[in-house]
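The end of the sequence shown is residue 699 by the UniProt record's numbering, with every number in the run present.
For glycine and all other residues, C-beta sits at the position ideal for the given N, C-alpha and C.
These numbers come from a predicted model, not from an experiment.
Scroll down for the structure; my scribbles are underneath it.
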Amino acid sequence: MLAALPASIQRALAIPAHNKSGTINDIEHIVVLMQENRSFDHYFGTLRGVRGYGDRFPIPLASGKSVWYQSDGTKEITPFRFNKNTMNAALIPDMPHSFPDAQAAWNQGSYGYWPKYKTATSMGYYTREEAPFQYALAEAFTICDAYHCSVATGTDPNRIAFFSGSNNNPVLRNQGINCTDADSEPVNLRCWITGTWPTPGYTYAGSGFNWPTIPDVLESSGISWRIYQDPNNNWTGAMNGCLAFNSFRNAKPGSAIYEKGMSNGSLEDLANDVRNGTLPAVSWVLPSQLESEHPGAPSSAAHGGYFAEQVLQALTSNPETWSKTAFFLTFDENDGLFDHVPPPAVPSYNPDGSLAGKSTLDVNGMYFAVNKASYLMATDTASGNVRPWGMGARVPMYVVSPWSRGGFVNSQVFDHASLGLFLEQRFNVTIPAISKWHRAVSGDLTSAFDFSHPNDGRFPTMPDMSDWEQIEAQSKTLPTATAPATPAALFQEPGTRYSRALPYELHTSASVQPNGAVTLTFQNTGSQGAVFHVYDKNHLDRIPRRYTVEAGLALSDNYWNPMATDNGAYDLWVYGPNGFVRTFKGSVNGAVAEIEVGYEADNTTVSIKAHNSGHAPINLTVVANAYRRGGPWILRVPAGVTVEQHWDVTDNANWYDFTVSGENFERRFAGRLENGRALLSDPAMVPSRHQEGQGNEGD
């Protein structure tokens, strides 16, 4: 099988990991390639075993339909395939992707009008036929399906955050001050240079930032680094987020910043450093415009795949170096391309100025104080002029290394701050610009690696993308990629994949207060913070409420008062990471039952405790909605008594989905029990109605 692979992939898969200590310290070289403008759903919504178009719990829209039914203002448009056989799928058009349209499309978490603000083309996706290299890379190594861009906007803000830890002044943020554009980058400005390098030099736009970049931190700590780029072919500077900073703008010839971060470094230079054993501890590779995969650049998945393959070929040219190297390949933002998963974010502000949610840590300073009308669209009235920076939409992240082989999915929440957090773990440095909120919610990417048994790898086939020019030429002969006239059926490949262990142990419960208010309590007994999204299905016109709960903490909110608005009826849906879902439905009138869900990780058991606070016995019915047979189970709960029921979820790869119901009472709890071991992706995650003999359609 190895003989059929391109030489670079043969080496990448066949070279064993340097497994000296069995820890992150075995990694001696970290190489990062950030490509341009693709969303996760656009590339991988149809890939088996990831949270794509088979998501069992898509969020609801104000229309009452699921998130798939986006509107352009006149008609609904569902995700559709960019079919390479019928349209110019390789070279799709660029779409709006800046702060105003991103805020409007996200709609503070309500979604609904993505095509209206991003064009109908935004709903298009690829299958493995249109992106063979990208799919094969995911099959060979590890793909992250909960990696988000840091800022809900375009290239510069996200690359600035990626290269420094923040797109807004961390000093002001840490004082609880929300930045304006004077101290932040909301739209593309500061990295777009004019002039040539080194003479006469760059001319910069906008004021320079002064907080330290990651290269500044590495340099001050004596850690080697380099940016490999053509400074005159890096899309006029836009690929280099460090150009927004005075430490780079004012760098003089001979200085470390000038020589390592501003000067020329080709792929051949990268290959030479690999072969000579002089590859720095940390390296960034910057693409040119045509190699970047950016829609409308024009660049294609084929050309971008070929560039990534060249980088991988350079990295594997010396087996000893590759055995000590971790290669991260991600994207700065999603362009206008749709992704269905609501990004974790601090609570939005309601139009009346109240906060739509809570947090266990102070989130003052985590917002953009919009100071120009041009930063918001006139029709975007969901909130006021204080807007969350992000996270933004999901983007692909591949973790390619001898420690991440095997076709795993990692579903821990990450964003661009995560690379900085990974560097902190490996080199014992501090990236000061990373916020406390990101440190609480974003993982450090270490869970994508198996440092204990890295050399138990498998060897899937990989395509050769050297024919990217022919692919693009053939694609140009076909009609422009456009959305179909009628909503398309959804498709995702059936099947599961190996899934990395996650740090989550989350709980949400509900209780009815004497005054008729419904209280939700969020508890986090895991080792990583999380954001809970709450959608009130009786009031989907309202901004979804978000709750950030740090590891080891809990908080409650009694915001919901169904007696005042809905004759006592309530219907609340809570979403968390990796398919964590809790639903609370019923009437506060005569409410006497409540449910608490528990986990026993050591024996892979999920339990419920049903309590009856009334004066007469009640019967509750428990139904398994997926994963297991058996039931229903009838729980008779005497007055004033708590009854407990346990289920072993080992045979279901630790996934569970149960509904408990009684008179005017319904609770649903679904997710995966984490026990510190690698498991499988959600085995029930496929669209629910058959589509054209190749998959299923879901609503």
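Residue range of the unbroken beta strand (DSSP E) whose run includes residue i
i	result
H507	L506 to V512
I15	Per DSSP, I15 belongs to no beta strand (DSSP E) and is neither H nor E.
V217	No beta strand (DSSP E) holds V217; the alpha helix (DSSP H) holding it covers I214 to S220.
G420	That residue, G420, is in no beta strand (DSSP E); its alpha helix (DSSP H) goes A417 to F427.
N561	Run containing N561: none; DSSP gives neither H nor E here.
A670	F665 to R672
P115	Not the beta strand (DSSP E): P115 falls in the alpha helix (DSSP H), residues W114 to K118.
P388	V386 to P388
G304	From DSSP, G304 is part of no beta strand (DSSP E) but of the alpha helix (DSSP H) over A301 to L315.
K358	L355 to S359
Y656	W655 to G662
V623	I618 to A624
K609	T605 to N612
T381	No beta strand (DSSP E) contains T381, which DSSP labels as neither H nor E.
S283	V282 to V285
Residue from the options whose Cα sits closest to the Cα of residue i
i	options	result
L172	V643, P115 and D183	D183
T525	I543, H29 and L506	L506
G353	R497, F338, D335 and R387	R387
G625	Y656, N561 and E129	The amino acid occupying residue 625 in the given sequence is Asn; Gly does not appear at that position. Cα-wise, what sits closest to N625 is Y656.
Y43	F491, A251 and T86	F491
S452	D26, Q645 and A14	D26
N538	V341, D566, L315 and T496	D566
S63	I92, P186, D536 and P503	D536
M123	P487, W573 and L267	P487
L243	G265, P215, E219 and E268	P215
V217	G241, S164 and S263	S164
N85	G443, K65, D94 and E129	E129
N652	R668, S661 and A684	A684
L673	N561, P632, P514 and L502	L502
F327	P632, M34, V686 and F669	M34
A138	L91, G195, A308 and G265	A308
Q103	A393, M262, W235 and M239	A393
P295	P432, W197 and H97	H97
N589	N169, N515, N83 and T127	N515
S513	W560, K20 and V574	The question names Ser, but residue 513 is Gln in the sequence shown. Out of W560, K20 and V574, W560 has the C-alpha closest to the C-alpha of Q513.
8 Å contact criterion, which residue i and residue j should meet: CB distance rounded
i	j	result
G305	Q474	Not confirmed; about 16 Å, so no contact.
G109	H533	7 Å
I59	V67	5 Å
A90	A301	7 Å
C-beta contact flag for residue i and residue j at 8 Å
i	j	result
A378	N410	no
T446	I30	no
A140	R405	yes
R48	G495	yes
I634	T621	yes
A510	G576	no
N167	W389	yes
S383	I543	yes
Y204	W284	no
F80	A483	yes
P343	H148	yes
S435	L421	no
A678	S418	no
T199	A481	no
A593	F665	yes
V311	L376	no
W322	L315	yes
A152	P402	no
T519	D557	yes
N385	V370	yes
A105	V400	no
C144	M397	yes
First and last residue of the uninterrupted alpha helix (DSSP H) at residue i
i	result
Q175	Counting along the chain, Q175 falls outside any alpha helix (DSSP H), and DSSP gives it neither H nor E.
K585	Per DSSP, K585 belongs to no alpha helix (DSSP H); it is in the beta strand (DSSP E), V581 to S587.
R394	Looking at the DSSP string, R394 is not in any alpha helix (DSSP H), and its letter there is neither H nor E.
V574	V574 -> not in any alpha helix (DSSP H); beta strand (DSSP E) instead, spanning A569 to Y575.
L267	L267 to N276
Proximity test, residue i beta-carbon vs the ligand ATP heavy atom, cut-off 7 Å
i	result
R545	Within the structure as shown, the ligand ATP is missing, as the structure has no ligands at all.
Do three or more CB pairs link the stretch 64 to 74 to the stretch 109 to 125 at distances below 8 Å? With the cut-off at 8 Å, the stretch 64 to 74 and the stretch 109 to 125 touch.
Count Cβ pairs between the stretch 31 to 38 and the stretch 334 to 344 that sit closer than 8 Å; are there 3 or more? At 8 Å Cβ cutoff, the stretches touch.
I want to know whether the stretch 628 to 646 touches the stretch 600 to 618 - three or more CB-CB distances under 8 Å. Short answer: they touch.
Are three or more beta carbon pairs between the stretch 210 to 230 and the stretch 149 to 159 nearer than 8 Å? With a cut-off of 8 Å, the stretch 149 to 159 and the stretch 210 to 230 do not count as touching, because too few Cβ pairs lie within range.
The stretch 289 to 305 / the stretch 247 to 265 touching (three or more Cβ pairs under 8 Å): Three or more beta-carbon pairs separated by less than 8 Å are not found between the stretch 289 to 305 and the stretch 247 to 265, which leaves the two stretches without contact.
Check whether the stretch 548 to 559 and the stretch 359 to 368 touch, using three or more Cβ-Cβ pairs below 8 Å as the test. Counting Cβ pairs under 8 Å, three or more are found: they touch.
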